[in-house]
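Read in order, the letters of the sequence shown are residues 4 to 454 in UniProt numbering. Even for Gly, the Cβ is constructed at its ideal location relative to N, Cα and C. This report refers to the structure that appears directly beneath it.
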Amino acid sequence: PPTLLWFRRDLRLSYQAALVAAVGEGPVVPVYVLDDETPKHRRMGAASRWWLHHSLTRLDAALREKGSRLILRRGRADAVLAELAAETGARRVHAIRHYEPWWRNAERAVAKRIELVCHDGNYLAPPGSVTTGGGTPYKIFTPFWRALRERMPPAVPVAAPDAIPGPAQWPQSDALADWNLLPTRPNWASGFDDWTPGEGGARERVAAFVDHASRYDEQRNLPSIEGSSRLSPHLHFGEVSPATVWHCVADAGGSVETFLGELGWRDYAQNVILQFPDYAARNARDRFDALPWRSSPSELKAWQQGRTGYPIVDAGMRQLWATGWMHNRVRMIAASFLIKHLLIDWREGERWFWDTLVDADYGSNAVNWQWTSGTGIDSNLFVRIMAPLSQSEKFDAAGYIRRWVPELAGLSDTAIHDPDAAGCRPRGYPAKIIGHREARERALAAVRSIG
Ligand code: FAD
Numbered sequence: 004p005p006t007l008l009w010f011r012r013d014l015r016l017s018y019q020a021a022l023v024a025a026v027g028e029g030p031v032v033p034v035y036v037l038d039d040e041t042p043k044h045r046r047m048g049a050a051s052r053w054w055l056h057h058s059l060t061r062l063d064a065a066l067r068e069k070g071s072r073l074i075l076r077r078g079r080a081d082a083v084l085a086e087l088a089a090e091t092g093a094r095r096v097h098a099i100r101h102y103e104p105w106w107r108n109a110e111r112a113v114a115k116r117i118e119l120v121c122h123d124g125n126y127l128a129p130p131g132s133v134t135t136g137g138g139t140p141y142k143i144f145t146p147f148w149r150a151l152r153e154r155m156p157p158a159v160p161v162a163a164p165d166a167i168p169g170p171a172q173w174p175q176s177d178a179l180a181d182w183n184l185l186p187t188r189p190n191w192a193s194g195f196d197d198w199t200p201g202e203g204g205a206r207e208r209v210a211a212f213v214d215h216a217s218r219y220d221e222q223r224n225l226p227s228i229e230g231s232s233r234l235s236p237h238l239h240f241g242e243v244s245p246a247t248v249w250h251c252v253a254d255a256g257g258s259v260e261t262f263l264g265e266l267g268w269r270d271y272a273q274n275v276i277l278q279f280p281d282y283a284a285r286n287a288r289d290r291f292d293a294l295p296w297r298s299s300p301s302e303l304k305a306w307q308q309g310r311t312g313y314p315i316v317d318a319g320m321r322q323l324w325a326t327g328w329m330h331n332r333v334r335m336i337a338a339s340f341l342i343k344h345l346l347i348d349w350r351e352g353e354r355w356f357w358d359t360l361v362d363a364d365y366g367s368n369a370v371n372w373q374w375t376s377g378t379g380i381d382s383n384l385f386v387r388i389m390a391p392l393s394q395s396e397k398f399d400a401a402g403y404i405r406r407w408v409p410e411l412a413g414l415s416d417t418a419i420h421d422p423d424a425a426g427c428r429p430r431g432y433p434a435k436i437i438g439h440r441e442a443r444e445r446a447l448a449a450v451r452s453i454g
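If you want it as structure tokens, here you go:
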């Protein structure tokens, strides 16, 4: 009988341990289950669904080149896999292990109905395996990274099999178009076209990044330059394994430690959600539960739409909407602005990012939001309030602002960071939603009020 190969966020054929194991056992039925029931309100956001559509298209094409194909089914993963097993006679499922709380539940539910063999490979080290000498998991990034770094480099992963044998008779598959993963409003995602979802696109990004990886340290904080790898959606969807990225970048030579440390943050985030499954829903430091957050739908909307009057924030939020991605430095500035300048609960921002980022990742998103808000187990202090205008100058964001806030394109390199102060705010661009000093004092008073 065939074995089932259950794809989730591991949409690749190279260095895919579950695929290698399945092929070793004979005929394979690769399946992707669109499961919106198990994650409930954590179902994939709109930008992720766009990505998924294209990534599944590419995965099916790559499977067909190897004599196989991708079966698409919709519903609760355990029910769908059990049904498919009954149809095909399969008695075992191979999969890459996932750490989102709903996937862990789904794995338990599947294992009750059919033998499930989970494999590693989506992280540098299996989450939960990097522990202190006493065997407890790390809470703080730096010691976590030190311990993980010592175990590196990761093993060189195994390449894709040349051929993937299929069953004598293929089961039925849904048509991808019927899943309606693409936006129904025309042109909503037209700015996403710069991305090439899928394993081939990921490989191209890695190759392009390796050429400038040695300049990562000086350029990664400059939003006007493409200094980072832009691998985040490819890594999130598992189109490339972090071990592959590690080896390609480390082999390129130069000082790549900072970059490798960022991959370490990605692993760290999974370790955090393994310890705190509801990290996106609750302050890790519960004294912040008493913080007097403001409720202002109109200000939340101004932030979402990039109309706060702070050019760097607006540029970031518009880049996010247009392309499904935002530069990391600007993510920090925009997130800090929502939390501290507008005093709006970080969970509102987390939800917006969840829906609009093509790299929306339960662990990474929650960890970074709680880091920025000062509510996390390892985080910046709440009282460290980022000054968006000086950040914008310091990181030379003029070119970035011109690109994403065209109303300001005519302003000089100095005036563009703060058109109000320079007395040259064009009509059509909003005045600052709140002054920096006033916002800072209000945030400090709020945090003082909780003692
Ligand atoms: P590079 O700088 O080239 O880094 C390489 C890889 O390392 C990234 O692709 C990513 O997988 C990982 N990485 C880098 N920085 C971080 C980090 N701080 N935390 C975890 N992993 C990291 N990243 C996500 O992948 N998904 C998210 O949902 C997400 N939400 C965020 C929310 C906020 C408020 C902030 C401040 C950051 C968030 N990040 C998230 C982290 C970071 O901004 C992105 O990973 C990064 O901008 C992706 O661009 P890149 O691939 O060019 O990164």
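**Asked** Which residue or residues does DSSP assign as beta-bridge partners of Ala93?
**Response** Sequence index remark: in the sequence shown, residue 93 carries index 90 (1-based). Beta-bridge analysis with DSSP links Ala93 to no other residue.
Sort Pro4, Leu7, Arg12, Thr6 by Cα distance to Glu242 and report the nearest one. In the sequence shown, counting from the first residue as 1, residue 242 sits at position 239. Selected option, being the one with the closest Cα: Arg12.
Margin query: Applying the 10 Å Cβ sphere with the 16-neighbour rule, what's the burial state of residue 3?
Written below: One cannot answer for residue 3 here, as it falls past the ends of the chain, which runs 4 to 454.
query: Does ligand 1 have a heavy atom nearer than 7 Å to the CB of Trp268?
result: One-based indexing of the sequence shown puts residue 268 at position 265. Yes - ligand 1 has a heavy atom lying nearer than 7 Å to the Cβ of Trp268.
- Message: Which of the three DSSP states is assigned to Leu179 in this structure?
- Response: On the sequence shown, residue 179 is found 176 positions in, with the first residue counted as 1. If DSSP states are grouped into helix, strand and coil, Leu179 belongs with the helices.
*In terms of DSSP beta bridges, what is Lys36 paired with?*
For the purposes of this step, residue 36 is taken as the residue at position 33 of the sequence shown. A small correction: the amino acid at residue 36 is Val; Lys does not occupy that position in the sequence shown. For Val36, the pairing in a beta bridge is given by DSSP as Arg76.
**Message:** Can you check which of these residues, Ser393, Leu151, Arg72, is closest to Pro170 by C-alpha distance?
**Reply:** As a working mapping, residue 170 is identified with position 167 in the sequence shown. Of Ser393, Leu151, Arg72, the residue nearest in Cα terms is Arg72.
If you count every other CB in all the chains shown that lies within 10 Å of the CB of Arg451, and 16 or more means buried, which is it?
Sequence index remark: in the sequence shown, residue 451 carries index 448 (1-based). Flag for Arg451 reads exposed.
Worksheet item: So Glu351 is in the alpha helix (DSSP H); what residue range does that whole segment cover?
Response: Stepping through the sequence shown from its first residue, residue 351 is reached at position 348. It spans 349-359 - the alpha helix (DSSP H) in which Glu351 sits, taken as one unbroken run.
Next item on the list: Kindly list the residues whose CB is nearer than 6 Å to the CB of Gly230, restricted to its own chain and excluding five residues on each side of it in sequence; keep chain order.
Entry: As a working note, residue 230 is residue 227 in the sequence shown. These residues qualify, in order along the chain: Gln222, Arg223.
- Span separating the alpha-carbon of Ile419 from that of Pro314: The residue you call residue 419 lines up with position 416 of the sequence shown. The residue you call residue 314 lines up with position 311 of the sequence shown. Roughly 7 Å between the two C-alpha positions.
Note to self: Nearest by alpha-carbon distance to Ser58: which of Ala211, Ala150, Pro236, Ser176 is it?
What the structure shows: On the sequence shown, residue 58 is found 55 positions in, with the first residue counted as 1. With distances taken between Cα atoms, Ser58 lies closest to Pro236.
Sorry if obvious, but does the Cβ on Leu360 come closer than 7 Å to a heavy atom of ligand 1?
Here residue 360 is taken as the residue at index 357 of the sequence shown, counted from 1. It does: the Cβ of Leu360 is within 7 Å (strictly closer) of some heavy atom of ligand 1.
Worksheet entry | Opening and closing residue of the alpha helix (DSSP H) in which His420 lies | The count along the sequence shown starts at 1 and reaches residue 420 at position 417. First-last for His420: undefined, no H or E at that position.
Would you please verify whether the beta carbon of Ala210 is less than 8 Å from any beta carbon of chain B?
The displayed structure is made up of one protein chain only, and chain B is not part of it.
#### Entry: Integer-rounded CB distance, given that Arg321 should sit under 8 Å from Val408
For this step, residue 408 is matched to residue 405 along the sequence shown. For this step, residue 321 is matched to residue 318 along the sequence shown. Val408 to Arg321, Cβ: 7 Å. Contact.
* Asked: Which full runs of the alpha helix (DSSP H) of 4+ residues lie inside the stretch 120-204, going along the chain?
  -> 144-153
Checklist entry - Would you say Asn108 touches ligand 1, meaning its beta carbon is less than 7 Å from a heavy atom? => result If you number the sequence shown from 1, residue 108 lands on position 105. Answer for Asn108: no, Cβ out of range of ligand 1.
Any non-hydrogen atom of ligand 1 closer than 7 Å to Val113 Cβ
Against the sequence shown, residue 113 aligns to sequence position 110. Outside the cutoff, so no.
Uninterrupted beta strand (DSSP E) stretches inside the stretch 219-274 (no shorter than 3 residues): none
Please find out if some non-hydrogen atom of ligand 1 comes closer than 7 Å to the beta-carbon of Ala180.
Stepping through the sequence shown from its first residue, residue 180 is reached at position 177. Relative to ligand 1, Ala180 has its C-beta separated by 7 Å or more from all heavy atoms.
> What do you reckon, is the C-beta of Ala24 under 7 Å from a heavy atom of ligand 1?
Replying inline: Within the sequence shown, the letter at position 21 stands for residue 24. If you check the C-beta of Ala24 against ligand 1, you find no heavy atom less than 7 Å away.
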